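Residue numbers (the working numbering): 29 to 205.
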């Protein structure tokens, strides 16, 4: 198996486990056993189980951006929410863990990093000091809104939530996408 194929296989097996178990219950042994690989093979690809979980989010967000399908925040969140809706139990289990290396914290940090990268792409410079607080506030709000949607039995449709998020973002930050 190639390195990327093995990494994806381990990720897929982790995803299967995380549909049934919370992150606290999953161990590296369980992941390695489900994937049919040794622990040393697991560790050649990932630091720990949190690294696998975070790799999932990074891969999905990178894929959404690389296809450049999202021309607006509304489209971005429709794509993200569609992904979540297809695998809601796994995402719920990921959000349940609140300790060090939490999914929620990683989603925030990686999303902020992507926003800053988009800013460099669009303007040729990173977010200014006076923009950083607002950008973080926007991203925290987005993460919380998505988490609330995931645990609130999706009281509104993904289309409605994406529209509400889009409406809440100031125009100057919409241009960064």
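For each residue, glycine too, the CB sits at the ideal point set by N, CA and C. Computed from a predicted model, the values in this text were never measured in an experiment.
My output table needs one value for residue i: the three-state DSSP class, helix, strand or coil.
i: residue 197; result: coil
i: residue 118; result: helix
i: residue 158; result: helix
i: residue 55; result: coil
i: residue 183; result: coil
i: residue 173; result: helix
i: residue 202; result: helix
CB-CB under 7 Å to residue i, same chain, minus the five flanking residues each way: which ones, in chain order?
i: residue 62; result: 41, 44 and 45
i: residue 190; result: 102, 105, 106 and 109
Assuming residue i contacts residue j under a Cβ cut-off of 8 Å, what Cβ separation, rounded to an integer in Å, is found between them?
i: residue 186; j: residue 113; result: 6 Å
i: residue 75; j: residue 142; result: That pair is no contact at about 21 Å.
i: residue 139; j: residue 167; result: 5 Å
i: residue 92; j: residue 116; result: No, residue 92 and residue 116 are not in contact; Cβ-Cβ is about 18 Å, not under 8 Å.
i: residue 194; j: residue 102; result: 4 Å
i: residue 51; j: residue 163; result: Rounded, the Cβ-Cβ distance is 28 Å, inconsistent with contact.
i: residue 80; j: residue 132; result: Actually they do not touch by this definition, with Cβ atoms about 16 Å apart.
Given that a residue counts as buried once 16 or more other Cβ atoms are within 10 Å of its Cβ, and exposed if not, what is residue i?
i: residue 32; result: exposed
i: residue 84; result: buried
Looking at the unbroken alpha helix (DSSP H) that takes in residue i, where does it start and where does it end?
i: residue 86; result: 77 to 94
i: residue 138; result: 131 to 151
i: residue 71; result: 67 to 73
Among residues of its own chain, excluding the 5 on either side of residue i, which ones have a beta-carbon nearer than 6 Å to its beta-carbon?
i: residue 158; result: none
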